[in-house]
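Down below is the structure, laid out as structure tokens.
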Amino acid sequence: MSNRLIIVGAGGHGKVITDIALKNGYTNINFIDDNVKGSCMDFPVIGSSDRIFDLNDGKTDFVIAVGNDKTRKMIAEKYDVNWVTLIHPSAQISTNVSIGIGTVVMATAVINADTKIGKHCIINTGAVIEHDNVIGDYVHISPKVALGGTTRIGELTHIGIGAAVINNINISKNCVVGAGAVVVDNLEHSATYVGVPARKVL
Ligand SMILES: CC(C)(COP(=O)(O)OP(=O)(O)OC[C@H]1O[C@@H](n2cnc3c(N)ncnc32)[C@H](O)[C@@H]1OP(=O)(O)O)[C@@H](O)C(=O)NCCC(=O)NCCS
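Residue numbering for the sequence shown follows the numbering used here, beginning at 3 and increasing consecutively.
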């Protein structure tokens, strides 16, 4: 592991990732952001995204702190740098779990046995992902979401804060599941679903 980390995105998500980075031993932290100037969490914002290639010296690690899944994908595919996976030390990761490059796992999240998580996902604070799940690339699992066993979630889908998904459910790519929803049937279309039980609204 390098000691230098560049966090792409100096918003609220960047603050949470800074704390995880510090707990993983990074001390030399800089931010890149197209809008925020100055500093974030007392670490300097050193420029906008057009500097990423210049800063890629082969010794620096990078992570994306952008909540929008499509933007995260765009950044990850545009810049071929040393993206790293960051896991908060309080997260519980079970045996035989695989976690893709660039994914961030936040405090107290639980990921149970034989689950596969794609690249550049966000597994947010206190989320519980049960056994044998398959989570696609660029998925965001929000705080306090509970996913039952053997759930499959397609790429770029966002599961909203506090939602629950019962076991053996398939959720399509490019879906949004609203905060507090309870998913009891497969979600086959790329759409927005809310409520208990979750129904398509948009
Ligand atoms: C589902 C969601 C994306 C919809 O947002 P939107 O596209 O702006 O849609 P709107 O707010 O216009 O809502 C559309 C309809 O769904 C309803 N609705 C929206 N979110 C809902 C939810 N979570 N539960 C139940 N109903 C909801 C609205 O009341 C509205 O109903 P109406 O047409 O009868 O008035 C959003 O409300 C949501 O839940 N986002 C999750 C955010 C989150 O978890 N962030 C975590 C960050 S870490």
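Cβ atoms here follow ideal geometry from the backbone N, Cα and C, with glycine treated the same way.
Looking at the DSSP output, P46 shares a beta bridge with S41. Bridge partners of F64 according to DSSP: I8 and W85.
Burial is judged here by how many other beta carbons sit within 10 angstroms of a residue's own beta carbon; D63 has at least 16 and is buried. Residue environment: F55 is assigned as exposed (fewer than 16 neighbouring CB atoms within 10 Å of its CB, all protein chains considered).
Under the three-state reduction of DSSP, I19 is assigned to helix.
Around the beta-carbon of R74, 16 or more other beta-carbon atoms lie within 10 Å, marking it buried. When only Cα atoms are considered, V106 and G128 end up about 13 Å apart. The DSSP assignment places no complete alpha helix (DSSP H) segment of no fewer than 4 residues inside the region 137-171.
Shown here, T97 sits in coil according to DSSP, grouped into three states, outside any helix or strand. Contact check between the region 35-44 and the region 85-94: fewer than three CB pairs, one atom from each, fall below 8 Å, which does not count as touching.
Annotation for I31: the continuous beta strand (DSSP E) segment containing it runs N30 to I34.
Shortest gap from the CB of T194 to any heavy atom of ligand 1: under 7 Å. Of the candidates V147, D139 and L189, D139 places its Cα closest to the Cα of M76.
Take I9, set aside five residues on each side of it, and the residues of its chain with a beta-carbon closer than 6 Å to its own are G16, I19, F33, V65 and A67, in chain order. Going by DSSP, T105 is part of no alpha helix (DSSP H) at all; its letter is neither H nor E.
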